[in-house]
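**Q** I am attaching a structure below and will ask some questions about it afterwards.
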Amino acid sequence: MQLQDNIFLVTGGASGLGEATATALVDAGARVVLADLASSDGAATAARLGGAAAFVAIDITDESSFDAALDAAESHGPLRGVVHCAGRGGDRLRILDKEGHPGDLDSFRNVLEINLIGTYNVLRHVAARMARNEPIDGERGAVVLTASVAAFDGQIGQTSYTASKAAVHGMTLVAARDLASFGIRVNTIAPGLFDTPMLARLRTDIREGLSAGVPFPKRLGRPEDYAGMALTLLQNSYANGETIRLDGAIRMAPR
Ligand SMILES: NC(=O)c1ccc[n+]([C@@H]2O[C@H](COP(=O)([O-])OP(=O)(O)OC[C@H]3O[C@@H](n4cnc5c(N)ncnc54)[C@H](O)[C@@H]3O)[C@@H](O)[C@H]2O)c1
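Each number in the numbering used here corresponds to the 1-based position in the sequence shown with 31 added.
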C-alpha cells in the first residue's frame, strides 16, 4: 500500500508506539487520524503533527464510538490502512497470591477486554470500511496489529497480558485468511522492550537491567524502530498473515 497521499488510522496514536507511527506516516506524506481515548494527549499530538493529522476520541472497547470516528477518518477519502497500537500492560498478578488465594478475575477480564476484544473490535470495524474501497493494485487495505513477545515467552505474573497478546498473534493468520477475498492484509508486530510511557513506570535500575538483557542492540527499542516496521508492513504487498518479533533477539526469562 502506498503511503503518500493515502489515509491511515493509528489507534493509541497519542502516545508511545502509536505516536511514533503517526509521526512516521506524516513524514512519509500520508494523512493520519490518531484514535485514542478522549482523556489522552491525542489532540495535542495531532496539532504538533500539523495539517496532515487529526485526532478522534475513541474507546476501542466501545462498539458505538466507531462509526463517528471512522466517518471523521474518511472525511478526506477512503481509509487505506490501520496500525492498531492502543492497549494496556498487565497487572503482574500471579494465579495464586502469597497466601494461596486465587488471583483477581476483574483484572484478568479488563486486560482481555482492552487488548483482545478491543483488537477484534478495531479489526472488524476497519475491515468493514476498507472492504468498500476501490482496489489499488488489487489491494483494498492493510492492517498492522500489536502483540508482544509476552505472547511467546510470558513471565511469571503475566497470565492476562500473555493470554491477550497470544490471542492477537493467533488471530493474525486467521484474519489474513478471512479478509483475503477483500484484498485486505493483516500482520502483527510483537515488540520486545520498548522505551515508551508504558515502560516508563518501571524504576530506572529495572529499565537498565532490561536493556542489558537484550542481546543486540543492547538497548530498549525506540518507538521509531516499531514505526519503521509498521510502515514496512503497510507497504509490502506480499507481507500477510505474519507476526514479526521486533526485539533485539531477546527471549524473556521466567521472571
Ligand atoms: N512498550 C513496550 O515495551 C511494549 C512491548 C510489547 C508490546 N507493547 C504493546 O504496544 C502497544 C502500545 O504500547 P505503548 O508502549 O505505546 O503504550 P502507551 O501507554 O504509550 O500507549 C498506549 C495508548 O493506548 C491508548 N489506549 C489505552 N486503552 C485504550 C482504549 N480502550 N481505547 C483507545 N485507546 C486506548 C492509551 O491512551 C495510550 O495513548 C500496546 O498494545 C502494548 O501492549 C508495548
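Backbone N, C-alpha and C fix where the C-beta goes; we use that ideal spot for every residue, glycine too.
Straight-line CA distance for R238 to N164?
**A** If you number the sequence shown from 1, residue 238 lands on position 207. If you number the sequence shown from 1, residue 164 lands on position 133. So the alpha carbons of these two residues sit roughly 44 angstroms apart.
**Q** Considering only residues of the segment 145-216, which uninterrupted beta strand (DSSP E) runs meet the minimum length of 3 residues and lie entirely inside it, listed in chain order?
**A** 172-177, all fully within the segment 145-216.
**Q** I need the boundaries of the alpha helix (DSSP H) containing D256, first residue and last residue.
**A** What you label residue 256 is simply residue 225 of the sequence shown in a count that begins at 1. Per DSSP, D256 belongs to the alpha helix (DSSP H) from 254-266.
**Q** Can you list, in chain order, the residues of its chain whose CB lies under 6 angstroms from that of V113, leaving out five sequence neighbours each side?
**A** Translated into positions along the sequence shown, residue 113 becomes position 82. Excluding residues within five positions, the ones whose Cβ falls inside 6 angstroms are L40, V157, V174.
**Q** Going by beta carbon distance, what residues of the same chain come within less than 6 angstroms of L80, once the five residues before and after it are set aside?
**A** Residue numbering aside, residue 80 sits at position 49 when the sequence shown is read from its first letter. Here the set comprises V57.
**Q** Please classify D98 as buried or exposed, where buried requires at least 16 other C-beta atoms within 10 Å of its C-beta.
**A** Counting from 1 along the sequence shown, the entry for residue 98 is found at position 67. Answer is exposed; the Cβ neighbour count stays below 16.
**Q** Taking 8 angstroms as the threshold, find out whether the segment 123-142 comes into contact with the segment 185-199 through three or more Cβ pairs.
**A** yes
**Q** Using the Cα positions of M260 and E105, report the straight-line distance between them to the nearest angstrom.
**A** By 1-based counting over the sequence shown, the position of residue 260 is 229. By 1-based counting over the sequence shown, the position of residue 105 is 74. Roughly 24 angstroms between the two C-alpha positions.
**Q** DSSP three-state call for P222: helix, strand or coil?
**A** To locate residue 222, count along the sequence shown from 1; it is residue 191. Three-state result, P222: strand.
**Q** Locate the alpha helix (DSSP H) running through A75, then write down its first and last residues.
**A** As a working note, residue 75 is residue 44 in the sequence shown. Counting along the chain, the alpha helix (DSSP H) containing A75 begins and ends at 73-80.
**Q** Distance, Cα to Cα, G49 vs H132?
**A** Counting from one through the sequence shown, the residue named residue 49 turns up at place 18. Counting from one through the sequence shown, the residue named residue 132 turns up at place 101. Their backbone Cα atoms lie some 37 angstroms apart in a straight line.
**Q** Comparing C-alpha positions only, which one of H107, S95, D93 sits nearest to V64?
**A** Position 33 of the sequence shown, counting from 1, holds the residue named residue 64. Out of H107, S95, D93, H107 has the C-alpha closest to the C-alpha of V64.
**Q** Cα-Cα, which of T92, A75, D93 is closest to A85?
**A** Residue mapping note: residue 85 aligns to position 54 of the sequence shown, counting from 1. Distance check between A85 and each of T92, A75, D93 places A75 closest, using alpha-carbon atoms only.
**Q** Put A104 into one of helix, strand or coil per three-state DSSP.
**A** The count along the sequence shown starts at 1 and reaches residue 104 at position 73. Three-state DSSP puts A104 in a helix.
**Q** On a Cα-Cα basis, can you pick out the residue from L124, T177, R155, A194 that is closest to T52?
**A** Translated into positions along the sequence shown, residue 52 becomes position 21. Per the Cα distances, T177.
**Q** Anyone know if the C-beta pair for R111 and I220 falls short of 8 angstroms?
**A** By 1-based counting over the sequence shown, the position of residue 111 is 80. By 1-based counting over the sequence shown, the position of residue 220 is 189. Not in contact: R111 and I220 (Cβ atoms no closer than 8 angstroms).
**Q** Looking at the unbroken alpha helix (DSSP H) that takes in R140, where does it start and where does it end?
**A** Residue numbering aside, residue 140 sits at position 109 when the sequence shown is read from its first letter. Counting along the chain, the alpha helix (DSSP H) containing R140 begins and ends at 136-143.
**Q** Using 7 angstroms as the cut-off, classify the Cβ of G279 as near or not near the heavy atoms of ligand 1, replying yes or no.
**A** Here residue 279 corresponds to residue number 248 of the sequence shown, with the count starting at 1. No, ligand 1 has no heavy atom inside 7 angstroms of this Cβ.
**Q** The alpha helix (DSSP H) with A243 in it runs from where to where?
**A** Mapped onto the sequence shown, residue 243 falls at position 212. Element bounds for A243: 235-243.
**Q** For A182, count neighbouring C-beta atoms within 10 Å of its own C-beta (all shown protein chains included) and say buried if the count is 16 or more, exposed if not.
**A** For the purposes of this step, residue 182 is taken as residue 151 along the sequence shown, with counting starting at 1. If you draw a 10 Å sphere on the C-beta of A182, you find 16 or more other C-beta atoms in it, and that means buried.
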